[in-house]
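To start, the structure under review is shown below, and the notes come after it.
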Amino acid sequence: MRDIRKKGWFWVENELIDRTDLSFEVKSMYMILARFADAEGKCFPSVEKLAEIIGKDKRTVIRYMKKLEEKGLIEKKRRFNQTNIYYLKNVALNSDKIDNDKNDSDIVVTSLDDTGVTSDSDKNVNLKKHNEKNTIKNTQYNIKEKSKKEKTKSKIEDFVNKLEKSDEYKALILEYIKYRKEIKKTIKTIAPINKLLKDFPDSERLSEAIEIAKEREWTGLEPEWVENYKNTKNGGNSNAKGVRYNKTEGRKNKAGERKPNYDIEF
Numbered sequence: 001m002r003d004i005r006k007k008g009w010f011w012v013e014n015e016l017i018d019r020t021d022l023s024f025e026v027k028s029m030y031m032i033l034a035r036f037a038d039a040e041g042k043c044f045p046s047v048e049k050l051a052e053i054i055g056k057d058k059r060t061v062i063r064y065m066k067k068l069e070e071k072g073l074i075e076k077k078r079r080f081n082q083t084n085i086y087y088l089k090n091v092a093l094n095s096d097k098i099d100n101d102k103n104d105s106d107i108v109v110t111s112l113d114d115t116g117v118t119s120d121s122d123k124n125v126n127l128k129k130h131n132e133k134n135t136i137k138n139t140q141y142n143i144k145e146k147s148k149k150e151k152t153k154s155k156i157e158d159f160v161n162k163l164e165k166s167d168e169y170k171a172l173i174l175e176y177i178k179y180r181k182e183i184k185k186t187i188k189t190i191a192p193i194n195k196l197l198k199d200f201p202d203s204e205r206l207s208e209a210i211e212i213a214k215e216r217e218w219t220g221l222e223p224e225w226v227e228n229y230k231n232t233k234n235g236g237n238s239n240a241k242g243v244r245y246n247k248t249e250g251r252k253n254k255a256g257e258r259k260p261n262y263d264i265e266f
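Residues in the sequence shown are numbered consecutively from 1, following the UniProt record's numbering.
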């Protein structure tokens with residue numbers, strides 16, 4: 001799908017409509033990006049503008065964009081203090097990738113040659129037993145891990161619910177916990193929660209910080225990051241230092257939270 005600079009219209013590939021692994025909302029987001037794209041498939045609309053067009057909040061827009069990235073439909077290039085650049089990719093499903101993503105247990109064996117097993121029936125039986133044994137082990141491990149995660153989640157949520165804070169404040173913390181899970185940086189201890197209580201003691205400051213973190217896709221929160229971002233966005237003094245999160249080169253603090261590197265601009 002590309003806007004080919006013909007006034008008033010652009011065209012859509014049939015493959016986008018036919019794909020069953022994408023929701024209608026995600027497909028619509030791709031169409032909107034194509035509306036802004038040039039002949040090379042490049043566009044740079046702001047999150048605010050996209051939210052206005054689809055009638056949703058910025059968090060929803062970011063979620064749809066992440067899904068498009070995960071599916072390989074767009075590539076995002078970050079720019080400091082400017083809107084991101086998005087490059088639209090081919091919407092056709094990659095059948096090779098789909099096949100490679102399948103587990104061995106999902107592959108249908110039509111002959112012994114497919115498995116590399118000789119015609120010896122004993123070897124075929126042993127292979128079947130081996131696969132069944134691995135399946136049982138994997139199932140047991142998954143159940144154990146799921147139980148462990150559920151206990152951790154329950155412990156953290158209980159801690160939040162027992163805080164001597166307003167319902168609004170506690171709801172914001174739970175919202176932040178959910179956001180961290182969505183970006184694959186799940187909070188596993190109460191240490192990050194205690195830090196939020198210390199650094200952002202009231203609902204107004206915490207709400208503002210969480211909104212900025214989601215917009216910038218931070219995996220942690222520091223008061224100075226928020227202030228630096230606000231200063232640069234509002235055209236602060238020339239000595240204000242901008243902070244940008246570098247997802248691939250982050251480092252961890254004592255609490256085990258990943259902190260962004262600092263790209264400093266004067």
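In this text, a Cβ means the ideal position worked out from N, Cα and C, and glycines have one as well.
Ranking Lys-188, Lys-49, Leu-163, Trp-9 by CA distance to the CA of Asp-38 puts Trp-9 first.
Restricting attention to beta strand (DSSP E) runs no shorter than 3 residues, the region 26 to 104 encloses them at 74 to 77, 85 to 88, ordered along the chain. With contacts defined as CB atoms closer than 9 Å, Glu-222 and Val-47 fail to qualify as a contacting pair.
Remark: three or more beta-carbon pairs, one from each stretch, lie closer than 8 Å, so the region 186 to 202 and the region 218 to 235 are flagged as touching.
DSSP, read as helix, strand or coil, puts Trp-218 in coil.
When DSSP states are grouped into helix, strand and coil, Trp-9 belongs to the coil group. Classified as buried, Trp-225 has 16 or more neighbouring CB atoms from the shown chains inside 10 Å of its CB.
Residue nearest to Phe-44 within the set Leu-163, Asn-231, Tyr-86 is Tyr-86 (criterion: CA-CA distance).
Below 8 Å, enough C-beta pairs join the region 198 to 210 and the region 154 to 170 to call them touching: three or more. C-alpha of Val-12 to C-alpha of Met-65: approximately 18 Å in a straight line.
A residue is called buried once 16 or more other Cβ atoms fall within 10 Å of its Cβ, and Ile-74 is buried on that count.
Leaving aside the five residues that flank Ala-51 on each side, the residues in its chain whose CB is nearer than 8 Å to its CB run, in chain order, Asp-57, Lys-58, Thr-60, Val-61.
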